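Here's the structure, in structure tokens; my notes come after.
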Amino acid sequence: MKNMYLFLLTLLVIHSSFIDLRPLASNNANLYVQMLSCIFLLLLLGGNLIKLFKKYKALNIIAILLSLSYAYSTYRIWNIHTNISLMSPYTSILQFLKIISVLALVEYVEIYHNRVLFLKYFLLLLGVYLVLGNIDVFSNYRGGDMDVCIIGDKFVVSYLNLFWISLYILYMYFKRKVVKINRFRILLVLSCFISYVVSCSTGIVVGAFMLMFSYIPVRYYHILYRPLGLSILILILDLFFFFLHSYILDLSMVKYIVVDVLGEDLTLTTRTNIWAALVYILSDEPLWGYGPGNETAVVGGLLNLTNAQNGLIHTYLGVGAVGVFFFLLLLSGIVRKIKLRNQNTLFLFLLGLVVASVVEVSLSSLFLCYSSFLLIANSELRDGGCHSI
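Residue numbers (my numbering): -11 to 377.
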């Protein structure tokens, strides 16, 4: 009975926060599925929520403050005059419900020591969707950025491939205590190949970054395991590239590789014009933003462009400085709970997303959903022999 309960919770969290059933998008039924999955998951956890809150009190208080900032940001923007077409306020509510749902379930799994069984169910269920999603994105690929499959666009599929690989290695470690890191590398190469076929450059960047760092001793970047490590890295990288991209491109080696060899700009998408245009609207709603979920509508409505091509700036447009503060504070609170000394594949995945965020919007609410799994990935991986996986 307990196994069935955990299986149901796992099924709900996958549908609430990780996949988007695009075939149902014509009448927004996909969003209703996500919303109802969040609500049912929290209802099923029921009385456990009090115990979870007490166990992870500081972390959950930050999550509540983040949710309140998201809610107020949405309420505020819908009560002032604006010249852009906003998304439904329920979309904003869904953003923080996704985060809370994943965080609550991961806390439950960790408290009751069910991480092996939970990861087994999670990998199995998500794996089925990924097989279908990869087949779909292959067969229906037309060369556009927003080509979609049954579980999301090509970016979502590429990131979920890498997320699945990271968790799979951790799952095998929890079962057998030692894993072969080369298996991790082979799976990364396969994921990069899939991203290459569907022209998902950021999927390739994240996968290649994870592959490269799997060869680098953790002592060279161990400082990032500290509570503020990832948050400070996000601020440095994203702000540095956003405000100083023209100076970076003036560096002879960078200019040679990017301009002369690749024939591109620093984003590799010929979209640095977006960054120059965004400077003029960053101060319009500095504290509370335009509401989570409205970022693309803002950039499209005011600048006739796609998105901010920068993870931090894109999030800032949606939730403002207050929302970004609680976003980074929650991330730091999660990292604070981990006790790692050696390499961790999930942490490498998150680092890859942070690096990609300098030119891509990879710091959405889904990033915090991924990060929440650090609470159960609180172990270290050592390379070595093991039985065949």
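Note that CB positions come from ideal geometry on N, CA and C, so glycine has one too.
Because the structure is a prediction, the values reported are computed rather than measured.
How many Å lie between His375 and Leu111 at the Cα?
The residue you call residue 375 lines up with position 387 of the sequence shown. The residue you call residue 111 lines up with position 123 of the sequence shown. Residue placement at His375 is flagged as unreliable, the pLDDT there being 35, under the threshold of 50; the coordinate-derived value follows with that caveat. For His375 and Leu111, the distance between alpha carbons rounds to 20 Å.
What did DSSP end up calling Asp272 once you bin it into helix, strand or coil?
On the sequence shown, position 284 is the one that residue 272 refers to. Coil.
Residue closest to Ile224, alpha-carbon to alpha-carbon, out of Asn122, Ala264, Leu47 and Gly299:
For the purposes of this step, residue 224 is taken as residue 236 along the sequence shown, with counting starting at 1. Answer by Cα proximity: Gly299.
Within a Cβ cutoff of 6 Å, which residues of the same chain sit near Ser146, ignoring the five residues on either side of it in sequence?
Counting from 1 along the sequence shown, the entry for residue 146 is found at position 158. Cβ neighbours of Ser146 beyond the five flanking positions: Ser183, Cys188 and Gly191.
For my contact list, Leu218 and Leu338 are in at a C-beta cut-off of 8 Å; report their separation, rounded to the angstrom.
Taking the sequence shown and counting its residues from 1, the one referred to as residue 218 is at position 230. Taking the sequence shown and counting its residues from 1, the one referred to as residue 338 is at position 350. The Cβ separation is near 7 Å, so the contact holds.
How about the region 43 to 57 and the region 85 to 94: do they share at least three Cβ pairs that are nearer than 8 Å?
yes
So Pro77 is in the alpha helix (DSSP H); what residue range does that whole segment cover?
Numbered from 1 along the sequence shown, position 89 holds the residue referred to as residue 77. Pro77 -> alpha helix (DSSP H) spans Pro77 to Ile99.
Only counting runs of 4 or more residues, tell me where the alpha helix (DSSP H) segments fall wholly within the region 110 to 163, in order along the chain.
none
Mind checking Leu315: buried by the 16 CB within 10 Å criterion, or exposed?
Locating residue 315 in the sequence shown gives position 327, where the first residue counts as 1. Note on identity: in this sequence residue 315 is Phe, with Leu being the wrong assignment. Flag for Phe315 reads buried.
Whether Pro205 touches Ser320 by CB criterion (8 Å):
To locate residue 205, count along the sequence shown from 1; it is residue 217. To locate residue 320, count along the sequence shown from 1; it is residue 332. No, the pair does not count as a contact, with Cβ atoms beyond the cut-off.
Just the Cα atoms here: how many angstroms apart are Lys29 and His233?
Indexing the sequence shown from 1 puts residue 29 at position 41. Indexing the sequence shown from 1 puts residue 233 at position 245. Just to set this straight, residue 29 is Leu in the shown sequence, not Lys. In a straight line, the C-alpha of Leu29 is about 43 Å away from that of His233.
Taking a contact to mean a Cβ-Cβ separation below 8 Å, would you say Leu31 touches Val21 in this structure?
Your numbering for residue 31 matches position 43 in the sequence shown. Your numbering for residue 21 matches position 33 in the sequence shown. No, they are not a contact pair.
Using the three-state DSSP reduction, which class does Tyr203 fall into: helix, strand or coil?
Taking the first residue of the sequence shown as 1, we reach residue 203 at position 215. Here Tyr203 sits in coil by DSSP.
Comparing C-alpha positions only, which one of Tyr203, Leu176, Tyr209 and Pro280 sits nearest to Val193?
Locating residue 193 in the sequence shown gives position 205, counting from the first residue. The shortest Cα separation from Val193 among Tyr203, Leu176, Tyr209 and Pro280 belongs to Leu176.
Applying the 10 Å Cβ sphere with the 16-neighbour rule, what's the burial state of Leu318?
The sequence position of residue 318 within the sequence shown is 330, counting from 1. Result: buried.
Backbone secondary structure at Val286 - three-state DSSP
For this step, residue 286 is matched to residue 298 along the sequence shown. Three-state DSSP puts Val286 in a helix.
Met198, buried or exposed, once every other Cβ within 10 Å from all chains shown has been counted against 16
Against the sequence shown, residue 198 aligns to sequence position 210. Its Cβ being crowded by 16 or more others within 10 Å, Met198 is buried.
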